[in-house]
Amino acid sequence: MAQSQFHLGWFLGNSYGVHGWLDQWGGRTAQNWSDPSLQIDLARAIDRACFDFVLLEDSSFVPDNYGSSMDFYLKRASRAPKNDPLPLVPLMLQATKHVGIVPTISTSFYPPFLLARLMATLDLMSEGRVGCNFVTSTAERAAQNFGLTEHIEHHARYEMADEFVEVVKQLWDSWDADAVVGDEAGQMFADPSKVRPINFEGKYFSSRGPLNTARPAQGHPVLVQAGGSPQGRAFASKHMDVVMAAVSTVEEMKKFREDIRARAIANGRDPDSCKVVYQFLPIVAETDSQAQEILAARRAAKDPADILAGMGSIFDIDFSVYDLDEPLSELTTNGQQGTFQRFMAMGNTLREIADSFHFALDEVAGSPDTVAAQMQEMMEEAGGDGFLIAGDLNRRYIAEITDGLVPALQKRGLVRTGFSGTQFRENLMEF
Ligand SMILES: Cc1cc2nc3c(=O)[nH]c(=O)nc-3n(C[C@H](O)[C@H](O)[C@H](O)COP(=O)(O)O)c2cc1C
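Residue numbers for the sequence shown follow the working numbering, beginning at 84 and rising by one.
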C-alpha cells in the first residue's frame, strides 16, 4: 500500500547543547547567544517548507548531577543558559503564516489558570496557531526552584498533570465559541449567558473560573506531550493531539504507536486524532558517502561523559561516581522513566551503555533522496503520523533539511506542499 502523507515538526532545543556554541556553522557566540534571530530564521524556513509545527523545548534548572557540580554543564553551555521560550512565541508567529508554535510548560510548577489564559491569548492573537507541550518536569533541582525540597513522585506528577489539563480545558470551555456577540443595538459585547464559572475542585488544583479572556480561536490549542512510561502514555492517549516518541529503531516505533493507538481507543477516542511523531536526527549531505563520513566522524568523536552527564541530568543520577567498565549496580530514578528503562537495557557497564544508547532515530545519513527513501520505508513498516526533526540549530542544517530533504520528500508525495487550512489543528488533522 502506498504510504500516505505524514507531518513534519521541528524540535527546537533551548540551549546550545554540549558542542553547539563551538559549532563553526552555529553563528552564535558568547556575545550574541540570546539574540533570537536564528530561531526566527528557523521559523521562517520551516514555514516555507510546510512544517506543521515547531516545539520549543524548556526546563527550569541548572543541572549539577555530573561530578556533583554545575561545572560540566556550564562550561559546555549544556542546559544553561536557557531563556524562557514563551517570548519567542509572538516573534515566531509574526514571522510566519502557517506553522504551529508549541512552547513547553510544566504541569508540576505552572498555575493552570495562568497557562489557560496565556495559551488562549496567544491563540486568539494568532488566530489559531499555537499548541502547548505539557511536561511534568523531571529534576529535583527544578522542584527546588519552585519551593519544594524534593520532587513530586513520578506517578503523582502524572496524576497532577491529568488534573492540570482537565482544569485548563474546562477554563477554555468556560466561554462559548459565540460568546462575543458585539451587539451594538442591544449594547452587549459578550453575552453573559454564554460565559460561566467552572468551580473546579480537584485533589491538586481548584479554580473558580470563568477565564477572563475569550475562548481560544481553535477551541483548544493543540495539546502535545512526550511521555514514555505507562503513566505518560496513559496521559498522552487520553488528552493529547500529538504524542512525541523518543525511539531508536523501527521496531520501537511500531510498538510505541500501536500502544498509543490502543490506549486512545480504550479512552473512547478515534486513534487518528492522536498523532504519533518520532524524534529524528538525520544527517543530510550532498552525497551518501559524504553523509556517511559525517556519521562515522560523529561516532568516533562520541565522548561517554557527554552522554552520561546529559542523561544523568534527566535521571537525577551522578554517573561520574561509577567505573565505566564495572558492571553497573541496580539504579532507580524519579526522573524520566521511559528513557531510563531504554538506557539501562543497553549494556552491563556504563561504557557499553554510552556506546550503544541512542536517544532517538539518529543513525540515518545520506543524500536528500536517500534519507527521504528511508523515511518512507520506516513509515511503511512502522506506521506513524510524522517525524520531529531534532538536529542542531544552525543555518546550514536548517537549509539541509528545508531546502534539501523536504523537496525530496515532496517529490515522493510524502509531505505537504501547501496548507489548506488556516489553523494549526485543522492542518494537523487533515491527514
Ligand atoms: C521529543 C521530546 C521532547 C521533550 N521535551 C521536553 C521539554 O521540553 N522539557 C521537559 O522537561 N521534558 C521534555 N521531554 C521529556 C518528556 O516530557 C518526559 O518527561 C519524558 O519523555 C519521560 O516521560 P516518562 O517518565 O513518562 O517516561 C521531551 C521528550 C521528548 C521525547
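Note that the Cβ used here is the ideal one computed from N, Cα and C, for glycine as well.
### Query
Name the DSSP beta bridge partners of Lys-358, please?
Val-325
### Task
In the DSSP assignment, find the unbroken alpha helix (DSSP H) run with His-238 in it and report its ends.
237-255
### Task
Would you mind giving the Cβ-Cβ distance between Val-185 and Leu-139, rounded to the nearest angstrom? I have them listed as a contact below 8 Å.
7 Å
### Query
Between Asp-363 and Met-458, is the Cβ-Cβ spacing less than 9 Å?
Looking at the sequence shown, residue 363 is not Asp but Phe. Contact: yes.
### Message
Using a Cβ-Cβ cutoff of less than 7 Å, which residues in the same chain neighbour Glu-409 once the five nearest sequence positions on both sides are dropped?
### Response
Thr-432
### Task
Evaluate contact between the region 265-277 and the region 225-232, counting only Cβ atoms and requiring at least three cross-stretch pairs below 8 Å.
With the rule of 3 Cβ pairs closer than 8 Å, the region 265-277 does not count as touching the region 225-232.
#### Entry: Cβ shell of Ala-443 (< 8 Å), same chain only, five flanking positions each side left out
Ala-329, Val-330, Ser-331, Tyr-361, Gln-362, Phe-363, Leu-364, Ala-473
### Query
Ile-436 lies in the alpha helix (DSSP H); which residues open and close that run?
433-439
### Query
Can you give the Cα-Cα distance for Ala-392 and Ala-113, rounded to whole angstroms?
22 Å
### Query
Roughly how many angstroms separate the alpha carbons of Ala-471 and Lys-358, rounded to a whole number?
In the sequence under discussion, the amino acid at residue 471 is Leu, which differs from the Ala named in the question. For Leu-471 and Lys-358, the distance between alpha carbons rounds to 12 Å.
### Query
From which residue to which residue does the beta strand (DSSP E) around Gly-469 run?
469-472
### Query
Is the distance from the Cβ of Lys-165 to the Cβ of Asn-97 below 9 Å?
yes
### Task
Can you have a look at Met-462 and say buried or exposed, based on whether 16 or more other CB atoms are within 10 angstroms of its CB?
buried
### Task
Please state whether DSSP places Trp-104 in a helix, a strand or coil.
helix
### Message
For ligand 1, I want to know if Gly-393 counts as a neighbour, meaning its beta carbon is within less than 8 Å of at least one of the ligand's heavy atoms.
### Response
Every heavy atom of ligand 1 is 8 Å or more from the Cβ of Gly-393, so no.
### Task
With a cut-off of 8 Å on the beta carbons, I'd call Ser-257 and Pro-293 a contact; round off their distance for me.
3 Å
#### Entry: Spatial distance of Leu-306 from Val-251 (CA atoms)
11 Å
### Task
Check whether the Cβ of Met-323 lies closer than 8 Å to any heavy atom of ligand 1, and answer yes or no.
no
### Query
Relative to the C-alpha of Val-137, which residue among Pro-168, Leu-497, Gln-107 is closest?
Pro-168
### Task
Classify Thr-485 as buried or exposed, calling it buried when 16 or more other Cβ atoms lie within 10 Å of its own Cβ.
buried
#### Entry: Supposed close pair Ala-455, Leu-497 - CB separation, criterion 8 Å
7 Å
### Nearest candidate by alpha-carbon position, reference Phe-288, set Tyr-99, Pro-195, Asp-130, Ala-349
Pro-195
### Message
Can you look up Ala-395 in the DSSP assignment and give me helix, strand or coil?
### Response
For the sequence presented, residue 395 should be read as Gly rather than Ala. Of the three classes helix, strand and coil, the one that applies to Gly-395 here is helix, per DSSP.
### Task
Report yes or no: do three or more beta-carbon pairs, one from the region 149-160 and one from the region 87-94, lie closer than 8 Å?
no
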